[in-house]
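Number of protein chains: 2
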Amino acid sequence: MLGSVDVLGSIDSSINGAGVVGWLPEDFNPTTFIQELVHNIDDIVVNNKCDSQNYKNNNGEREKIVLGRDMHTVSLEITEPDPDDEVTGEREAYMASVLSKYKKTLTEKTNFHLGYPYNLDFDYDALCQLQHFSINNLGDPFIESNYGVHSRQFEVGVLDWFARLWELEKNHYWGYITNCGTEGNLHGILLGREVLPDGILYASQESHYSVFKAARMYRMDCVKVNTLPSGQIDCHDFKAKLLSNKDKPAIVNVNIGTTVKGAVDDLDLVIKKLEEAGFSHDRFYIHCDGALFGLMLPFVKRAPKVSFKKAIGSVSVSGHKFVGCPMPCGVLITRLEHVNVLSRNVEYLASRDATIMGSRNGHAPLFLWYSLNRKGYRGFRKEVQKCLRNAHYLKDRLVEAGIGAMLNDLSSTVVFERPHDEDFVRKWQLACQGNIAHVVVMPSVTISKLDDFLDELVQNRALWFREGKYQPRCIASDVGINNCLCALHS
Amino acid sequence: MLGSVDVLGSIDSSINGAGVVGWLPEDFNPTTFIQELVHNIDDIVVNNKCDSQNYKNNNGEREKIVLGRDMHTVSLEITEPDPDDEVTGEREAYMASVLSKYKKTLTEKTNFHLGYPYNLDFDYDALCQLQHFSINNLGDPFIESNYGVHSRQFEVGVLDWFARLWELEKNHYWGYITNCGTEGNLHGILLGREVLPDGILYASQESHYSVFKAARMYRMDCVKVNTLPSGQIDCHDFKAKLLSNKDKPAIVNVNIGTTVKGAVDDLDLVIKKLEEAGFSHDRFYIHCDGALFGLMLPFVKRAPKVSFKKAIGSVSVSGHKFVGCPMPCGVLITRLEHVNVLSRNVEYLASRDATIMGSRNGHAPLFLWYSLNRKGYRGFRKEVQKCLRNAHYLKDRLVEAGIGAMLNDLSSTVVFERPHDEDFVRKWQLACQGNIAHVVVMPSVTISKLDDFLDELVQNRALWFREGKYQPRCIASDVGINNCLCALHS
């Protein structure tokens, strides 16, 4: 099967001319091949062979292979326009037809989406008029550059809103709108490293992969901490690991909602363990990765607070998740004192550079400003409550149907037994890990959508099990015995 | 004057309630205050005091100040909607009026823009219909994730186009569409570091600031190399510095167009110097920062080639510069063999993570695909030629008017004596450094716009000099004696 993902084939002699792949297929359907490809990849994932594979090339040398290179064959090649295209309008017509079909695909994919924590329900028609402008918030949000086509006045409005949400005063915070949750984590952890240059990074093993990527990028020592079945950081293990590294400061990533299980680390307990292990407040730095729940938690009744009144250094959240946005974006808020260690002047921009990216998407602040202004705290509270209600509904119905499932307190991420059919997984775009899958209940996930999903799952499940080829998976090691409904534990 | 940029004032007691700044000003004009603020900052820059300043706070302690915090007072605060807003439509109406005024400001700012290398002339109306979708190319462009709302088929089409432009075969390259030129540089230099972990980073002192940011982020030793008056890397100095660090591999940033002077480093000479200094090809890695010129150079007659047939490891280019795009974006192309050292698997996404950002803007590939398909190589060649012609026109007219100016071969960046009036600088959004300013002639910069600019400059200049307060600046140390027209050198 892997033969179909061959990167070692002969060099395409047409590389400097027209490609071999026709770019105007009559029956254009990019999804067909992609589905096959994904199928292959998924199988590899299932078989735990997804890592770069070693294969012999023609010379018998072992070379690494990169999976999925066959995307070239489904890609929409760019070709040279004919000289008379402008006259005939052929090119424009072709592109319009590609885009129209693509829109149809996107609509379908959007309708059957459950697995990723993206709110797909938004209406930014009012902002379409601004797509004509190249809006770039170069450098620092608080310092103008000479480039006039920016949206800083909207960006700072958004930042103020988030700083208020997390209880840091206007004059004591710094922040910016990032390109995604990962950039927020990269920035928060970089701040930690600059404040405590020889600090060790601590993160639970269920932290987002960007946290470990940061450690590698920044050449930081990193200690992985165990997790509880809920997905929360195991504070007992955390303290033990702190004690065996007492000589070095601690930079701690705290998950305000883990990626897979939506588990919220106990921030207060983390701080307590640091104190118990003898770390004074100037010897640790906490970054809170609030990708999804950073915005939800403040609206959950009785939830512990993410607040700068506690000993934390930075919080990041994604903008395309709970708020919803056409493209990924995020928010990073930190204490003003921390960012000074990072900043340096760049006269060229007449702007200080304390961001990671420098050139920054000026449209993202407009989307966020628009949504926050429309919904307000009240609107978000309503949406959060609806999501939690719907998540409980989903979890209860799964369990009723005999499907092992878990829903953490404070969370709208329902973890359950991974469906046995990868076509089904792909159709509903479920995110999977080992034996478990999850659905993240976002504002765009309605009861009626959940019902469709549940009915189809229950129906299909009966089929999968009928032939005796499959049986319910054991998910006890993932979510604990109590939540498992396999033959052994039900 | 600095008193107006006070961050040490009392804490706004309204922080958890309504802000003190009205968010519905009758005479909303965000630019007025901003201009004053920029004025202050510019003066500070001129006086070389732009670095974080030390000032005493109320307790007499010295704290660092961050310039420009007064952005809070011009920001568009987000407030809670009234309960009846949905019924009355007040909120929608308010936001529509803010956006309408903002659009007017953007139009003006776009019309008077000369200083930044952004092509502001684009028409993506056909793509507006896709703004309804949350398009995210999670992870690797060549490997599908389970999230179906993506644009990989367009992204890979764009990447193929660039790989062909820089002469790397389809099956031998890897790349992705980045959020901006900086991300391309961060990725290219990270690749270099992963391939040669104890390598030293070499970059000319006129390299983009993101290169030095990368060195700091990645904890790499960095050697700054001198430049010639043109802005090109001084290869004599480069070789000398290589020879004094012979024991460690070299990671070299080569500028395909410096930020300020548009100088193109001599790639062939850089490679020659590495070889002369005894560095075999497995002991150096070259990243080409082609932010602007990476896309222009291939279309300039007799220009040296940026090509993977030479001993280079990666090339990056910005998408919002010569192509033009509503938001910043860029392209990074590298050899497939290099990216393997960086990649790791993330089952959660069913995708490998070799990008920096993970979640990636799926709209940017659509913009690039659309522009490249419409224009093709032929279209870009025409635009590049027009830009170079117009740049020569500008340079010639400046010199005719007695204004010291320089235009590098292969470049459309015209460097000249910094105007004496910061209002003028801001109006035309010129990028300045010390005594020089520049205009980057992009496809959106027409002869008629240049004429307006030149007429106004010449007229104003006469006024500035009339009172004897100012005289032409000496720019010999920036661009060489031959290009200076100050009293001493004219």
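Heads up: the sequence lines are chains A and B, in that order.
Per the working numbering, residue 1 is the first one in the first sequence, and the count goes up by one each step.
Per the working numbering, residue 1001 is the first one in the second sequence, and the count goes up by one each step.
Don't be surprised by glycine CBs; every beta carbon is placed ideally from N, CA and C.
Gly290 (chain A) versus Met95 (chain A) - alpha carbon distance | Locating residue 290 (chain A) in the first sequence gives position 290, counting from the first residue. Locating residue 95 (chain A) in the first sequence gives position 95, counting from the first residue. Spanning the alpha carbons of Gly290 (chain A) and Met95 (chain A) requires a straight line of approximately 39 Å.
If you draw a straight line from the alpha carbon of Leu1388 (chain B) to that of Val1223 (chain B), how long is it in whole angstroms? Along the second sequence, read from residue 1 onward, the residue named residue 1388 (chain B) stands at position 388. Along the second sequence, read from residue 1 onward, the residue named residue 1223 (chain B) stands at position 223. The C-alpha of Val1223 (chain B) is placed about 33 Å away from the C-alpha of Leu1388 (chain B).
Q | Neighbourhood of Val978 (chain B) by C-beta, 8 Å cutoff - its chain only, sequence neighbours within 5 removed | A | No information on residue 978 (chain B) is available, as it lies outside the stretch 1001 to 1490 that chain B covers here.
Margin query: For a minimum of 4 consecutive residues, which ranges assigned as the alpha helix (DSSP H) are wholly contained in the region 1415 to 1451 of chain B?
Written below: Here the runs fully enclosed are 1422 to 1427.
How is the alpha helix (DSSP H) around Met1217 (chain B) delimited, first residue to last? Position 217 of the second sequence holds residue 1217 (chain B). Run containing Met1217 (chain B): Tyr1209 to Tyr1218, per the alpha helix (DSSP H) assignment.
Same chain, Cβ closer than 8 Å to Leu1138 (chain B), five either side skipped, listed in chain order: Counted from its first residue, the second sequence places residue 1138 (chain B) at position 138. If we look at Leu1138 (chain B) and ignore the five residues flanking it on each side, its Cβ neighbours are Ser1145, Tyr1147, His1150, Leu1349, Ser1351, Gly1358, Ser1359 and Arg1360.
Could you tell me which residues DSSP puts in a beta bridge with Cys1387 (chain B)?
The residue given as residue 1387 (chain B) occupies position 387 in the second sequence. Looking at the DSSP assignment, Cys1387 (chain B) forms no beta bridge with any residue, so it has no partner.
- request: Please check if any C-beta of chain B sits within less than 8 Å of the C-beta of Glu183 (chain A).
  value: Counting from one through the first sequence, the residue named residue 183 (chain A) turns up at place 183. Taking Cβ atoms only, chain B reaches closer than 8 Å to Glu183 (chain A), which makes this a yes.
Three-state secondary structure (DSSP) of His1489 (chain B): The residue you call residue 1489 (chain B) lines up with position 489 of the second sequence. Three-state result, His1489 (chain B): coil.
_Best match in B:Thr1334, B:Asp1125 and B:Met1071 for proximity to Glu1169 (chain B) [C-alpha to C-alpha]_ = The residue labelled residue 1169 (chain B) in the question sits at position 169 within the second sequence. Here the closest residue by C-alpha is B:Thr1334.
| request: Taking only the alpha-carbon atoms, compute the straight-line gap between Tyr1118 (chain B) and Ile475 (chain A) and give it to the nearest angstrom. | output: Sequence index remark: in the second sequence, residue 1118 (chain B) carries index 118 (1-based). Sequence index remark: in the first sequence, residue 475 (chain A) carries index 475 (1-based). As the crow flies, the alpha-carbon of Tyr1118 (chain B) is around 53 Å from that of Ile475 (chain A).
Note to self: Measuring straight from C-alpha to C-alpha, what distance separates Gly1330 (chain B) and Ile447 (chain A)?
What the structure shows: Locating residue 1330 (chain B) in the second sequence gives position 330, where the first residue counts as 1. Locating residue 447 (chain A) in the first sequence gives position 447, where the first residue counts as 1. The alpha-carbon atoms of Gly1330 (chain B) and Ile447 (chain A) are separated by roughly 40 Å.
- Task: Say whether chain B places a C-beta atom closer than 8 Å to the C-beta of Cys325 (chain A).
- Result: Translated into positions along the first sequence, residue 325 (chain A) becomes position 325. For Cys325 (chain A), the answer is yes, since a Cβ of chain B falls inside 8 Å of its Cβ.
Note to self: Tell me which residues of the region 94 to 118 of chain A have at least one Cβ-Cβ distance to chain B shorter than 7 Å, keeping chain order.
What the structure shows: Listed by position along the chain: Met95, Ala96, Leu99, Lys103, Leu106, Lys109, Thr110, His113, Gly115, Tyr116 and Tyr118.
Is Trp161 (chain A) close to the ligand NAD? I mean its beta-carbon at under 7 Å from any heavy atom of the ligand.
Looking at this structure, you won't find the ligand NAD or any other ligand, since it has none at all.
Q.
As a quick exercise: from B:Tyr1202, B:Leu1159 and B:Ala1462, pick the residue whose alpha carbon is nearest that of Thr73 (chain A).
A. Here residue 73 (chain A) is taken as the residue at index 73 of the first sequence, counted from 1. For Thr73 (chain A), the closest alpha carbon among the candidates B:Tyr1202, B:Leu1159 and B:Ala1462 is that of B:Leu1159.
- For Asp234 (chain A), collect the residues of the same chain with a Cβ closer than 8 Å to its Cβ; drop the 5 residues on either side in sequence, then sort them by chain order. Locating residue 234 (chain A) in the first sequence gives position 234, where the first residue counts as 1. Answer for Asp234 (chain A): Ser204, Val225, Asn226, Thr227 and Leu228, listed in chain order.
Around the C-beta of Asn179 (chain A), are 16 or more other C-beta atoms found within 10 angstroms, so that it is buried, or is it exposed?
What you label residue 179 (chain A) is simply residue 179 of the first sequence in a count that begins at 1. Counting Cβ neighbours within 10 Å, Asn179 (chain A) comes out buried, since at least 16 surround it.
Q. So does the region 1106 to 1120 of chain B actually touch the region 73 to 93 of chain A, counting three or more Cβ pairs closer than 8 Å?
A. By the Cβ criterion, the region 1106 to 1120 of chain B is not in contact with the region 73 to 93 of chain A, since fewer than three pairs of Cβ atoms, one from each stretch, lie closer than 8 Å.
For the beta strand (DSSP E) that contains Thr178 (chain A), what are its first and last residues?
-> One-based indexing of the first sequence puts residue 178 (chain A) at position 178. Boundaries of the beta strand (DSSP E) around Thr178 (chain A): Tyr173 to Thr178.
### Message
Quick check on Glu1275 (chain B): buried or exposed, where buried means 16 or more other Cβ atoms within 10 Å of its Cβ?
### Response
By 1-based counting over the second sequence, the position of residue 1275 (chain B) is 275. Looking at its Cβ environment, which holds fewer than 16 other Cβ atoms inside 10 Å, Glu1275 (chain B) is exposed.
Q: Could you check which residue in B:Arg1091, B:Leu1407, B:Glu1467 and B:Ser1316 has the C-alpha nearest to that of Val1479 (chain B)?
A: The residue you call residue 1479 (chain B) lines up with position 479 of the second sequence. Residue B:Leu1407 is the option with its Cα nearest to Val1479 (chain B).
- Task: Might you give, ordered along the chain, the residues of its own chain that have their beta carbon closer than 6 Å to the beta carbon of Leu1454 (chain B), omitting 5 neighbours on each side?
- Result: On the second sequence, residue 1454 (chain B) is found 454 positions in, with the first residue counted as 1. Here the set comprises Arg1397.
Contacts of Val1317 (chain B) in chain A (Cβ-Cβ under 7 Å): Walking along the second sequence from the start, residue 1317 (chain B) turns up at place 317. Correct list: empty, because the minimum Cβ distance to chain A is about 13 Å.
* Asked: Where do the ends of the alpha helix (DSSP H) carrying Ala1250 (chain B) lie?
  -> Position 250 of the second sequence, counting from 1, holds the residue named residue 1250 (chain B). Where Ala1250 (chain B) is concerned, there is no enclosing alpha helix (DSSP H), although the beta strand (DSSP E) it sits in stretches over Ala1250 to Asn1255.
- Message: For the beta strand (DSSP E) containing His1287 (chain B), name the first residue and the last one.
- Response: By 1-based counting over the second sequence, the position of residue 1287 (chain B) is 287. Unbroken beta strand (DSSP E) run through His1287 (chain B): Phe1284 to Asp1289.
*Can you tell me which of the three DSSP states Ile271 (chain A) falls into?*
Residue numbering aside, residue 271 (chain A) sits at position 271 when the first sequence is read from its first letter. In the structure shown, Ile271 (chain A) sits in a helix (DSSP, three-state: H, G or I).
query = Shorter than 8 Å from the beta carbon of Ser1314 (chain B) to some beta carbon of chain A?
reply = Taking the second sequence and counting its residues from 1, one reaches residue 1314 (chain B) at position 314. Not closer than 8 Å to any Cβ of chain A, the Cβ of Ser1314 (chain B) fails to qualify, so no.
* **Neighbourhood of His208 (chain A) by C-beta distance below 8 Å, restricted to the same chain and skipping five residues each side** => As a position in the first sequence, residue 208 (chain A) is number 208, starting the count at 1. Excluding sequence neighbours, His208 (chain A) sits near Gly181, Thr182, Asn185, Asn255, Thr258, Thr259, Asp289 and Ala291.
Coarse secondary structure for Val46 (chain A), derived from DSSP in three states:
Against the first sequence, residue 46 (chain A) aligns to sequence position 46. The predicted position of Val46 (chain A) is uncertain, since its pLDDT is 27 and thus under 50; a value taken from the coordinates is nonetheless stated next. Val46 (chain A) falls in the helix class under three-state DSSP.
Buried/exposed call for Leu463 (chain A), threshold 16 Cβ in 10 Å: In the first sequence, the residue the question calls residue 463 (chain A) occupies position 463. Leu463 (chain A) comes out exposed.
Practice prompt. Taking Cys1098 (chain B) as the reference, give the member of A:Leu130, A:Ile286 and A:Ser412 with the closest Cα.
Written response: Position 98 of the second sequence, counting from 1, holds the residue named residue 1098 (chain B). Per the sequence shown, residue 1098 (chain B) should be read as Val rather than Cys. When each option's Cα is compared against that of Val1098 (chain B), the closest is A:Leu130.
Based on the DSSP secondary-structure assignment, which residues constitute the bridge partners of Ser1318 (chain B)?
-> As a working note, residue 1318 (chain B) is residue 318 in the second sequence. For Ser1318 (chain B), the beta-bridge partners assigned by DSSP are B:Gly1330.
Just checking: is the beta-carbon of Arg426 (chain A) within a distance shorter than 8 Å of some beta-carbon in chain B?
As a working note, residue 426 (chain A) is residue 426 in the first sequence. Answer yes: the Cβ-Cβ gap between Arg426 (chain A) and chain B drops below 8 Å somewhere.
Could you list the residues in the region 1353 to 1365 of chain B with a C-beta less than 7 Å from some C-beta on chain A, going in chain order? Of all residues in the region 1353 to 1365 of chain B, Asp1353, Met1357, Gly1358, Ser1359, Arg1360, Asn1361, Gly1362 and His1363 have a Cβ within less than 7 Å of some Cβ in chain A.
Roughly how many angstroms lie between the CA atoms of Ile1481 (chain B) and Glu1456 (chain B), to the nearest whole one?
-> Within the second sequence, the letter at position 481 stands for residue 1481 (chain B). Within the second sequence, the letter at position 456 stands for residue 1456 (chain B). When rounded, the distance between both Cα atoms is 26 Å.
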